[in-house]
Amino acid sequence: GMRIELEDTPQAVPVTLVQTLLRLVLGLVCIAHALNKIQAPGPFLEQLTWLSIPRPETFTQGVVGLELLTGIALVLGRFTRSAAFLSLCDVAAGMALAWLRGVRWPVWEAQAQLEGLVLSLACCAFFMVAGGGPFALDAVLRRRARLRAIAKDPTWSRPPYVT
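When you number the sequence shown by the working numbering, it's gap-free, plus one each residue, and the end is 157.
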């Protein structure tokens, strides 16, 4: 059967591909949220003003930067666990903000909104635990560092490893 390994050991191809696809989708969602705040900052600024956040424009720039960085990191698979944690914090803060505002949507919209947020949190939690997978930049750089360490170690150039 298929199982997900915590390291970059070989995995069943379907699991590896789905893990990679899920990481890409989550990263692109983060980037889309940042771009949405750039193109239409009004609603987010209104929420920050309602919460009495000082300098909401500066705060918005920080959130946009965070969402862009975490999104790009997830797409590349670099610093995956940290990016997933920061993204989880961002989503949780968004949920808390909506709850504090007492945002009321029609039932079908509220359900879709909640489902999307909960799925995002679950994806973030998954990548915090599992990492980016074998096709992530993290795994590629780890393998490269491991091979360089082996090449520098004189043990491997002596018998019985070399005849």
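All residues carry an ideal CB built from backbone N, CA and C; glycine is no exception.
Sub-8 angstroms separation of residue i and residue j beta-carbons
i: L186; j: L20; result: Outside the modelled stretch of the chain, which goes from -5 to 157, sits residue 186, for which no answer is possible.
i: D147; j: T74; result: no
i: P128; j: T10; result: yes
i: G71; j: R17; result: yes
i: P50; j: L39; result: yes
i: L82; j: A119; result: yes
i: L115; j: A86; result: yes
Cβ-Cβ separation, residue j to residue i (assumed contact under 8 angstroms), whole Å
i: M89; j: L113; result: Going by Cβ atoms, the distance from M89 to L113 rounds to 12 angstroms, so no, they are not a contact pair.
i: L80; j: Q41; result: So it is not a contact: roughly 20 angstroms between Cβ atoms.
i: I25; j: I66; result: 7 angstroms
i: P35; j: T54; result: 6 angstroms
i: I84; j: L62; result: Note that residue 84 is Asp in the sequence shown here, rather than Ile. Contact flag wrong, Cβ pair sits at about 11 angstroms.
Alpha helix (DSSP H) segment containing residue i, residue limits
i: T157; result: No alpha helix (DSSP H) holds T157; DSSP gives it neither H nor E.
i: I144; result: 131 to 146
i: F38; result: 36 to 44
i: R17; result: 7 to 33
i: P50; result: 50 to 70
Any C-beta of chain B under 8 angstroms from that of residue i
i: L111; result: The chain labelled as chain B is not found in the depicted structure, where only one protein chain is given.
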